[in-house]
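Colleague: Using my numbering, read the sequence shown as starting at 1 and increasing by one per residue.
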Amino acid sequence: MKELRVIENCSEIGAGTRGASLGIDALKIASLNLSSDFFAKIPSQRIEDENHLLFQTNSTPTAIRISGIAKVYERVANAVESTIKQKAFPLVLAADHASAGGTIAGIKKAYPDKRLGVIWIDAHADLHSPFTSPSGNVHGMPLATALSEDNLESKVAEPSEKALEKWEQMKSIGGIQPKLDPNDLIFYGVRDTESPEEELMQKNQIVNFTVAECRANGIAATAEKGLERLANCDLIYISFDVDSMDPDIVSYGTGTPVKNGFSPEEAQELIENLIEKSKKVCCFEMVEVNPILDNKGNHMAETAFRILEGISPKLSEYAI
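1. Determine the direct distance from the alpha carbon of residue 63 to that of residue 179, and round the result to whole angstroms.
2. Per DSSP, residue 117 forms a beta bridge with which residues?
3. Should residue 103 and residue 72 be called a contact, given that it needs their Cβ atoms to be closer than 8 Å?
4. Which of helix, strand or coil does DSSP assign to residue 215?
5. My output table needs one value for residue 90: the three-state DSSP class, helix, strand or coil.
6. Provide the residue span of the beta strand (DSSP E) that contains residue 80, from first to last.
7. Could you check which residue in 96, 161, 183 and 157 has the C-alpha nearest to that of residue 140?
8. Hey, would you say residue 92 sits closer than 8 Å to residue 176, going by beta carbons?
9. Keeping to the same chain, check which residues put their C-beta closer than 7 Å to that of residue 248; ignore five residues upstream and five downstream.
10. Provide the residue span of the alpha helix (DSSP H) that contains residue 300, from first to last.
11. Starting from residue 186, trace the beta strand (DSSP E) both ways and give me its first and last residue.
12. Is the number of C-beta pairs between the segment 212 to 222 and the segment 159 to 174 that are closer than 8 Å three or more?
13. Relative to the alpha-carbon of residue 200, which residue among 151, 156 and 238 has its alpha-carbon at the smallest distance?
14. Can we count residue 19 as close to the ligand MN, meaning its CB is less than 7 Å from some heavy atom?
15. Taking only three categories from DSSP, how would you classify residue 249?
16. Determine, using beta carbons only, whether residue 305 and residue 22 come nearer to each other than 8 Å.
17. Between 31, 238, 136 and 283, which lies nearest to residue 185 when the distance is taken from Cα to Cα?
18. Assign residue 1 to buried or exposed, taking buried as 16 or more other Cβ atoms, counted over all protein chains shown, within 10 Å of its Cβ.
19. Quick check on DSSP: helix, strand or coil for residue 287?
20. Residue 271 to residue 106, Cα distance in whole Å?
21. Please report the straight-line C-alpha distance between residue 251 and residue 280, rounded to a whole angstrom.
22. Since residue 45 is in the beta strand (DSSP E), which residue starts that stretch and which ends it?
23. Are the beta-carbon atoms belonging to residue 232 and residue 115 less than 8 Å from one another?
24. Would you mind sorting residue 4 into buried or exposed? The rule is 16 or more other CB atoms within 10 Å of its CB.
25. Could you give the distance in angstroms between the alpha-carbon of residue 37 and the alpha-carbon of residue 31?
26. Helix, strand or coil for residue 39, going by three-state DSSP, please let me know.
27. Rounded to whole angstroms, how far is the Cβ of residue 242 from the Cβ of residue 254, which I believe are closer than 8 Å?
28. Give the single residue among 145, 195 and 162 whose Cα lies nearest to the Cα of residue 154.
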């Protein structure tokens with residue numbers, strides 16, 4: 001049985017809405033209300049954030065607050081690497097999705113010679129760069145840092161020298177660049193993309209298993225189909241954004257909700273199948289719970305916590 005350790009990252013400076021920094025505490029409150037001892041029995045550490053930058057003027061509009069995010073990347077990478085080297089399993093709970101590139105960097109620092117597959121369960125592809133993002137919000141860029149992809153063919157913006165310096169820093173954390181091959185990335189549930197991301201997905205033939213496809217073919221079968229594409233990978237990292245779920249079924253308690261997503265039951269079934277059938281999962285991350293935006297009290301956190309607690313036995317039994 002693998003020992004689980006929680007890494008709490010309350011950084012929300014990569015998002016365009018406020019409140020995700022409260023998401024981890026919302027999960028903890030949900031656990032208390034559900035009479036769970038989950039957070040009592042699993043060791044945890046909290047990463048220092050840079051959320052004070054929210055009160056300062058931003059000077060990098062194509063990559064908002066990227067200087068602070070670069071620092072958080074380093075801290076998350078170090079925490080993930082340290083947890084793995086201590087023979088424990090990193091269970092990352094993050095506010096916004098921006099720092100997921102730091103999670104990937106930490107895995108690669110711990111396993112520099114291993115081939116990593118990434119399973120991204122999300123409503124969004126998060127493949128933007130400072131050259132392509134329409135918003136400048138870095139939570140839409142983490143996979144591009146892991147792929148070391150500027151996507152200049154779809155360039156729509158001219159980042160400043162300061163932004164590019166930090167962008168290059170984020171891409172090169174750990175001295176490994178790129179950290180991920182596009183052939184080793186698969187999506188589940190992506191349904192809100194911009195043209196630069198679509199062009200990149202098409203160019204690299206990155207597969208997205210839609211919600212409709214998962215339902216038509218069955219969750220278990222679609223999980224197996226995804227794992228077949230990652231058969232040559234030594235390790236798998238699963239990143240689960242709660243906006244992959246349908247806000248009309250769950251709630252709008254996330255920064256960028258998109259209709260027609262997974263039900264909670266489908267999301268949990270998918271994750272459990274991926275964990276059990278691959279037996280290669282080395283890290284799991286849950287992100288973007290935002291109780292400030294929740295139209296049903298703390299329902300998103302409660303739903304997300306039930307999934308988290310539900311998949312944990314599978315992680316303990318089958319994770320690397």
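Think of the CB as a built atom: it goes at the ideal place given N, C-alpha and C, for glycine as much as any other residue. Fair warning: this is a prediction, and the values are worked out from it, not measured in the lab.
Modeller: This is what the structure gives:
1. If you number the sequence shown from 1, residue 179 lands on position 179. If you number the sequence shown from 1, residue 63 lands on position 63. Near 21 Å, if we compare the C-alpha coordinates of residue 63 and residue 179.
2. Counted from its first residue, the sequence shown places residue 117 at position 117. The partner list for residue 117 (beta bridge, DSSP) reads 236.
3. Residue numbering aside, residue 103 sits at position 103 when the sequence shown is read from its first letter. Residue numbering aside, residue 72 sits at position 72 when the sequence shown is read from its first letter. Contact: no.
4. The count along the sequence shown starts at 1 and reaches residue 215 at position 215. Reduced to three states, the DSSP call for residue 215 is helix.
5. For this step, residue 90 is matched to residue 90 along the sequence shown. In the structure shown, residue 90 sits in a strand (DSSP, three-state: E or B).
6. Mapped onto the sequence shown, residue 80 falls at position 80. Here residue 80 belongs to no beta strand (DSSP E); instead the alpha helix (DSSP H) covers 66 to 85.
7. Position 140 of the sequence shown, counting from 1, holds the residue named residue 140. Shortest Cα-Cα distance from residue 140 to any of 96, 161, 183 and 157 involves 96.
8. The residue labelled residue 92 in the question sits at position 92 within the sequence shown. The residue labelled residue 176 in the question sits at position 176 within the sequence shown. No, Cβ-Cβ distance for residue 92 and residue 176 is not below 8 Å.
9. As a first step, residue 248 must be located in the sequence shown, where it is residue number 248. 259, listed in sequence order.
10. As a working note, residue 300 is residue 300 in the sequence shown. Residue 300 -> alpha helix (DSSP H) spans 299 to 318.
11. As a working mapping, residue 186 is identified with position 186 in the sequence shown. First-last of the beta strand (DSSP E) with residue 186: 185 to 188.
12. no
13. For the purposes of this step, residue 200 is identified with residue 200 of the sequence shown, where counting begins at 1. For residue 200, the nearest C-alpha among the options comes from 151.
14. With respect to small molecules bound, the structure shown includes none, and the ligand MN cannot be examined in it.
15. Mapped onto the sequence shown, residue 249 falls at position 249. Reduced to three states, the DSSP call for residue 249 is coil.
16. Stepping through the sequence shown from its first residue, residue 305 is reached at position 305. Stepping through the sequence shown from its first residue, residue 22 is reached at position 22. The answer is no: Cβ separation not under 8 Å.
17. Within the sequence shown, numbered from 1, the residue matching residue 185 stands at position 185. Minimum Cα distance to residue 185 is reached at 238.
18. Position 1 of the sequence shown, counted from the start, is the residue given in the question as residue 1. Residue 1 comes out exposed.
19. Reading the sequence shown from its first residue, position 287 is the one you call residue 287. Under the three-state reduction of DSSP, residue 287 is assigned to strand.
20. As a position in the sequence shown, residue 271 is number 271, starting the count at 1. As a position in the sequence shown, residue 106 is number 106, starting the count at 1. Each residue's Cα considered, the two are about 21 Å apart.
21. Locating residue 251 in the sequence shown gives position 251, where the first residue counts as 1. Locating residue 280 in the sequence shown gives position 280, where the first residue counts as 1. Rounded to whole angstroms, residue 251 to residue 280 spans 32 Å at the Cα level.
22. Locating residue 45 in the sequence shown gives position 45, where the first residue counts as 1. It spans 44 to 47 - the beta strand (DSSP E) in which residue 45 sits, taken as one unbroken run.
23. Looking up residue 232 in the sequence shown gives position 232. Looking up residue 115 in the sequence shown gives position 115. In this structure, residue 232 sits near residue 115, with a CB-CB distance shorter than 8 Å.
24. Indexing the sequence shown from 1 puts residue 4 at position 4. The residue in question, residue 4, is buried, as its Cβ has 16 or more Cβ neighbours within 10 Å.
25. As a first step, residue 37 is located in the sequence shown; it is residue number 37 there, counting from the start. As a first step, residue 31 is located in the sequence shown; it is residue number 31 there, counting from the start. Going by the C-alpha atoms only, they are around 7 Å apart.
26. Numbered from its first residue, the sequence shown carries residue 39 at position 39. In the structure shown, residue 39 sits in a helix (DSSP, three-state: H, G or I).
27. Reading the sequence shown from its first residue, position 242 is the one you call residue 242. Reading the sequence shown from its first residue, position 254 is the one you call residue 254. Indeed they touch by this definition, with Cβ atoms about 5 Å apart.
28. Here residue 154 refers to the residue found at position 154 when the sequence shown is read from its first residue. Nearest of 145, 195 and 162 to residue 154, Cα basis: 195.
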